[in-house]
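Trainee: Can you read through this structure? Questions will come right after.
Number of protein chains: 2
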Amino acid sequence: MKKLINNVENVLDEALAGICAAHPQHVKKLENVNVLVRTDGPVKGKVALVSGGGSGHEPLDGGYVGKGMLDAAVAGAIFTSPTPDQIYEAIKAADSGNGVLIIILNYTGDIMNFEMAKDMVEMEGIKVDTVIVNDDVAVENSTYTAGRRGIAGTIFINKIAGAAAESRRSLEEVKAVTQKAIDNVRSMGMALSSCIVPASGKPIFEIGEDEMEIGMGVHGEPGIRREKIKSADEIVNELMSKILDDMKLASGDEVAVLVNGLSSTPLIELYIINNRVSQILKEKGVKTHKTFVGEYMTSLEMAGFSISLLKLDAELKELFDAPADSPALKVL
Amino acid sequence: MKKLINNVENVLDEALAGICAAHPQHVKKLENVNVLVRTDGPVKGKVALVSGGGSGHEPLDGGYVGKGMLDAAVAGAIFTSPTPDQIYEAIKAADSGNGVLIIILNYTGDIMNFEMAKDMVEMEGIKVDTVIVNDDVAVENSTYTAGRRGIAGTIFINKIAGAAAESRRSLEEVKAVTQKAIDNVRSMGMALSSCIVPASGKPIFEIGEDEMEIGMGVHGEPGIRREKIKSADEIVNELMSKILDDMKLASGDEVAVLVNGLSSTPLIELYIINNRVSQILKEKGVKTHKTFVGEYMTSLEMAGFSISLLKLDAELKELFDAPADSPALKVL
């Protein structure tokens, strides 16, 4: 196991300390709990946004805490749902009396624990609602999920919800537009290699030196098919075809694009992938409003990528373009 | 060779097309030459900044073209200096009549070709000057370098020069402050794995499953020592000790920090590294003004990282904090 760590027990504590040391203008850590909150929070008069999940997907979610983005991110152990008491602390710290929207990625353990924390804070009179991100079109139901998995499309959801909350919309309004964004976002990924959870020290799965897995989950959950690696264009064609079949985009529609690296895939390859994504959209007459290429939701050291498309209408576009200032996403 | 490409001949063309498709608001490509220039350029009344080098280090340099950053980036073949005629086209396209500063990373081939292009444009009456970035304290002289290599510290140099040029300083002034920044920046890196140049299809070097190389160059040039992998803190201690020996920082001094991933090292590990970097600076009484953690200058799929420190005075700090808007670096 070739990792730049000190010991497997301290990985998360040290990483969170490193995030806070790097971005003190954006985030601070709550004492005794793995929750990152806005340094300038809780922000008065604003619906608070809380997200989170298992760690190992950095910069998700601490990297998306900041102005126009999240108010708090709960960091579970690596690839493990945060516990209800951690989530409880995050909600309490983020709330400024205007209600809290929780953005949950669709994993069964996450939903259970976030819902439990919601019940706990509601008993204290905090107004809370939830949305569930389920953007991955690869498979219905999976190792840790009923329905579709939540993956990198959640970055776009954080952005939309963040802008809506920052503009002082009500909890009901923030939830409604966030749900619209969720209904409009689709993703799909693939992997070339596994990753190693530090505590186990072993790859989650084995894959041949010339193989890839189409539709792989971000924790190594099985995809659609294991096969010999194909060309970048052939792979993108398949992922885009699955995504577009599900979105039913028409000529003239407008989308935001995310080509997300899982970690070990170099940026030069992600740009080759984006080249084909952009060609396909152009061929369909779909306008690309903005594109992000890079590592926005990783899977430890996994090689591979995902594509996410968010269909924009006038309201979503305005929120998408609103300023944001978080460690991992800045919109000027 | 497990790469997400179409074929080895088209890697660079397709990647550049993918960059332009992703960031049309920032960069466009010149016809028939691998040069990315500002979409809104050439910018009137401003010294133009040109940098570049071999590809395979994305987002360097195309990702740093934009407002408050570079005006043009020349992309050589992978790990290969751009040719003088490419650089010539970049300078010609960037120049708006106020002179051009070329930022060269210290590799012998790059210096030769950039100097040759400088001679060519000077014959046409364009005022050009150069600076050479040589921030890597690991080794004196190396496979492709006389003196010290230029590595990720060049991101900070782009930022300082970019802000100086944007504020409409003269060529002499931009060069002077850029040279001051170069004198104030130091870096050092290490690698856990090699990378594979697509055209060769083979790793540049072999390294054991439990080994690391301290002081490795970004093209796989030998470092100081090959040995069994140590803990993250021990590795950071050594790199920081070499950097700080060379910088002679005093308590009360202020620095900008870059913890740069070479590609396959996950962000969670880079944050663990930053945690130790930040502790060391605190112990020395050195104030950290701003920190960047992520992939700012990669080496294809190499695993490993580098640390860069830029010592700031009042002038450099102001330039460092000035707004910038490029695909890979945004300062609000």
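First to last, the sequence lines map onto chains F and L. For what it's worth, my numbering labels the leading residue of the first sequence as 9, then goes sequentially. For what it's worth, my numbering labels the leading residue of the second sequence as 9, then goes sequentially. Every residue, glycine too, gets a C-beta built ideally from N, C-alpha and C.
(1) Compute the Euclidean distance between the alpha carbons of Val108 (chain L) and Ala101 (chain F), then round it to the nearest angstrom.
(2) For Ala80 (chain F), write down the residues that DSSP places opposite it in a beta bridge.
(3) Using a Cβ distance threshold of 8 Å, determine whether the stretch 118 to 135 of chain F contacts the stretch 89 to 99 of chain F, with at least three qualifying pairs required.
(4) Take Lys290 (chain L) as the anchor and find which of L:Gly155, L:Val265, L:Glu303 has the nearest alpha-carbon.
(5) When DSSP labels each residue in this structure, what does Arg284 (chain F) get in the three-state scheme?
(6) Nearest to Arg176 (chain F) by CA position, among F:Ile190, F:Ala160, F:Ser104, F:Ile140, is which residue?
(7) Do you know whose CA, among F:Ala30, F:Val145, F:His227, lies nearest Ile204 (chain F)'s CA?
(8) DSSP state of Thr162 (chain F), grouped into three classes?
(9) For the beta strand (DSSP E) that Met131 (chain L) lies in, which residues bound it at each end?
(10) Within a Cβ cutoff of 7 Å, which residues of the same chain sit near Ile13 (chain L), ignoring the five residues on either side of it in sequence?
(11) What's the call for Asn40 (chain L), buried or exposed, on a 16-neighbour Cβ count within 10 Å?
(12) For chain L, check one thing: does any of its Cβ atoms lie closer than 8 Å to the Cβ of Thr306 (chain F)?
(13) Just checking, does the stretch 211 to 221 of chain F make contact with the stretch 155 to 163 of chain F on the three C-beta pairs under 8 Å criterion?
(14) Where does Pro274 (chain F) land, buried or exposed, given buried means 16+ other C-beta within 10 angstroms?
(15) What ranges does the beta strand (DSSP E) occupy inside the stretch 231 to 291 of chain L, keeping only unbroken runs of at least 3 residues that lie completely in it?
(16) Should Pro90 (chain F) be flagged as near chain L, meaning a C-beta pair shorter than 8 Å?
(17) Chain L partners of Glu303 (chain F), CB-CB under 8 Å?
(18) Can you name the residues that DSSP bridges to Leu318 (chain F)?
(19) State the Cα-Cα distance for the pair Leu252 (chain F) and Lys295 (chain F), rounded to the nearest angstrom.
(20) Just how far apart, CA to CA, sit Asn42 (chain L) and Lys36 (chain L)?
(21) Kindly list the residues whose CB is nearer than 6 Å to the CB of Ala199 (chain F), restricted to its own chain and excluding five residues on each side of it in sequence; keep chain order.
(22) Drop a sphere of 10 angstroms on the beta-carbon of Lys256 (chain L), count the other beta-carbons inside from all chains shown, and report buried for 16 or more, exposed for fewer.
(23) Would you give the residue range spanned by the alpha helix (DSSP H) that Val301 (chain L) belongs to?
(24) Please list the terminal residues of the continuous beta strand (DSSP E) segment that includes Val141 (chain F).
(25) By DSSP's criteria, Leu113 (chain F) is part of a beta bridge. Which residues make up the other side?
(26) Taking a cut of 7 Å between CB atoms, which residues from the stretch 288 to 299 of chain F lie near chain L?
(27) Using a Cβ-Cβ cut-off of 6 Å (strictly less than) and excluding sequence neighbours within five positions of Tyr115 (chain F), which residues of its own chain qualify?
(28) Of the choices F:Ala240, F:Tyr72, F:Asp93, whose alpha-carbon is the least far from that of Val16 (chain L)?
(29) What is the rounded straight-line gap between the Cα of Phe328 (chain F) and the Cα of Asp261 (chain L)?
(30) Under a three-way DSSP split, which group does Thr8 (chain F) fall into?
(31) Considering only their Cβ atoms, is the gap separating Ile165 (chain F) from Val193 (chain F) smaller than 8 Å?
(32) Are the stretch 311 to 326 of chain L and the stretch 63 to 77 of chain L touching, with three or more C-beta to C-beta distances below 8 Å?
(33) With a threshold of 8 Å between beta-carbons, can Ala160 (chain F) be considered close to chain L, or not?
(34) Do we get a CB-CB distance below 8 Å when we pair Tyr279 (chain L) with the residues of chain F?
(35) Helix, strand or coil for Met198 (chain F), going by three-state DSSP, please let me know.
(36) If we call anything under 8 Å between Cβ atoms a contact, is Gly70 (chain F) one with Ile111 (chain F)?
Mentor: According to the structure data:
(1) Your numbering for residue 108 (chain L) matches position 100 in the second sequence. Your numbering for residue 101 (chain F) matches position 93 in the first sequence. Straight through space, the alpha carbons of Ala101 (chain F) and Val108 (chain L) are spaced by roughly 51 Å.
(2) For this step, residue 80 (chain F) is matched to residue 72 along the first sequence. Under the DSSP definition of a beta bridge, Ala80 (chain F) partners with F:Val45, F:Val58.
(3) For the pair of segments examined, the stretch 118 to 135 of chain F was found to touch the stretch 89 to 99 of chain F: the number of CB pairs separated by less than 8 Å reaches three.
(4) As a working mapping, residue 290 (chain L) is identified with position 282 in the second sequence. With distances taken between Cα atoms, Lys290 (chain L) lies closest to L:Val265.
(5) Locating residue 284 (chain F) in the first sequence gives position 276, counting from the first residue. Judged by DSSP in its simplified three-state form, Arg284 (chain F) adopts helix.
(6) Taking the first residue of the first sequence as 1, we reach residue 176 (chain F) at position 168. Nearest of F:Ile190, F:Ala160, F:Ser104, F:Ile140 to Arg176 (chain F), Cα basis: F:Ser104.
(7) Numbered from 1 along the first sequence, position 196 holds the residue referred to as residue 204 (chain F). With respect to the C-alpha of Ile204 (chain F), the residue from F:Ala30, F:Val145, F:His227 having the closest C-alpha is F:His227.
(8) Locating residue 162 (chain F) in the first sequence gives position 154, where the first residue counts as 1. Three-state result, Thr162 (chain F): helix.
(9) For the purposes of this step, residue 131 (chain L) is taken as residue 123 along the second sequence, with counting starting at 1. Neither: Met131 (chain L) is in no beta strand (DSSP E) and is coded neither H nor E.
(10) To locate residue 13 (chain L), count along the second sequence from 1; it is residue 5. Result list for Ile13 (chain L): Val19, Pro206, in chain order.
(11) Residue mapping note: residue 40 (chain L) aligns to position 32 of the second sequence, counting from 1. A residue is called buried once 16 or more other Cβ atoms fall within 10 Å of its Cβ, and Asn40 (chain L), having fewer, is exposed.
(12) Mapped onto the first sequence, residue 306 (chain F) falls at position 298. Thr306 (chain F) has a beta carbon lying within less than 8 Å of a beta carbon in chain L.
(13) Not touching, per the Cβ criterion.
(14) Translated into positions along the first sequence, residue 274 (chain F) becomes position 266. With 16 or more other Cβ atoms within 10 Å, it is buried.
(15) The beta strand (DSSP E) runs of length 3 or more contained entirely in the stretch 231 to 291 of chain L are, from start to end of the chain, 233 to 236, 262 to 269.
(16) Against the first sequence, residue 90 (chain F) aligns to sequence position 82. No, because no Cβ of chain L sits closer than 8 Å to the Cβ of Pro90 (chain F).
(17) For the purposes of this step, residue 303 (chain F) is taken as residue 295 along the first sequence, with counting starting at 1. The answer, in chain order, is Leu275, Gly302, Glu303.
(18) The count along the first sequence starts at 1 and reaches residue 318 (chain F) at position 310. Answer is F:Val193, F:Ala264, bridged to Leu318 (chain F).
(19) Numbered from 1 along the first sequence, position 244 holds the residue referred to as residue 252 (chain F). Numbered from 1 along the first sequence, position 287 holds the residue referred to as residue 295 (chain F). If I take the Cα positions, the gap works out to 14 Å.
(20) The residue you call residue 42 (chain L) lines up with position 34 of the second sequence. The residue you call residue 36 (chain L) lines up with position 28 of the second sequence. One alpha carbon belongs to Asn42 (chain L), the other to Lys36 (chain L), and they sit about 10 Å apart.
(21) Looking up residue 199 (chain F) in the first sequence gives position 191. Excluding sequence neighbours, Ala199 (chain F) sits near Glu221, Met224, Met310, Gly312.
(22) The count along the second sequence starts at 1 and reaches residue 256 (chain L) at position 248. So Lys256 (chain L) ends up on the exposed side.
(23) By one-based count along the second sequence, residue 301 (chain L) stands at place 293. Annotation for Val301 (chain L): no alpha helix (DSSP H) segment contains it, though the beta strand (DSSP E) segment containing it runs 295 to 302.
(24) The residue you call residue 141 (chain F) lines up with position 133 of the first sequence. 136 to 141 is the span of the beta strand (DSSP E), which, as asked, contains Val141 (chain F).
(25) The residue given as residue 113 (chain F) occupies position 105 in the first sequence. Bridge partners of Leu113 (chain F): F:Val141.
(26) Result list: Thr299.
(27) Position 107 of the first sequence, counting from 1, holds the residue named residue 115 (chain F). Tyr152, Thr153.
(28) Taking the second sequence and counting its residues from 1, the one referred to as residue 16 (chain L) is at position 8. With respect to the C-alpha of Val16 (chain L), the residue from F:Ala240, F:Tyr72, F:Asp93 having the closest C-alpha is F:Ala240.
(29) Stepping through the first sequence from its first residue, residue 328 (chain F) is reached at position 320. Stepping through the second sequence from its first residue, residue 261 (chain L) is reached at position 253. Rounded to the nearest angstrom, the gap between the Cα atoms of Phe328 (chain F) and Asp261 (chain L) is 39 Å.
(30) Nothing about residue 8 (chain F) can be reported from this structure: the residues present for chain F run from 9 to 340 only.
(31) Within the first sequence, numbered from 1, the residue matching residue 193 (chain F) stands at position 185. Within the first sequence, numbered from 1, the residue matching residue 165 (chain F) stands at position 157. Note that the C-beta distance between Val193 (chain F) and Ile165 (chain F) is below 8 Å.
(32) Too few Cβ pairs lie closer than 8 Å, so no.
(33) Here residue 160 (chain F) corresponds to residue number 152 of the first sequence, with the count starting at 1. With its beta carbon at least 8 Å from every one in chain L, Ala160 (chain F) lies outside the interface.
(34) To locate residue 279 (chain L), count along the second sequence from 1; it is residue 271. Judged by the 8 Å Cβ criterion, Tyr279 (chain L) is in contact with chain F.
(35) To locate residue 198 (chain F), count along the first sequence from 1; it is residue 190. Residue state, collapsed to three classes: strand.
(36) Position 62 of the first sequence, counted from the first residue, corresponds to residue 70 (chain F). Position 103 of the first sequence, counted from the first residue, corresponds to residue 111 (chain F). Against a cut-off of 8 Å, the Cβ pair of Ile111 (chain F) and Gly70 (chain F) comes out as no contact.
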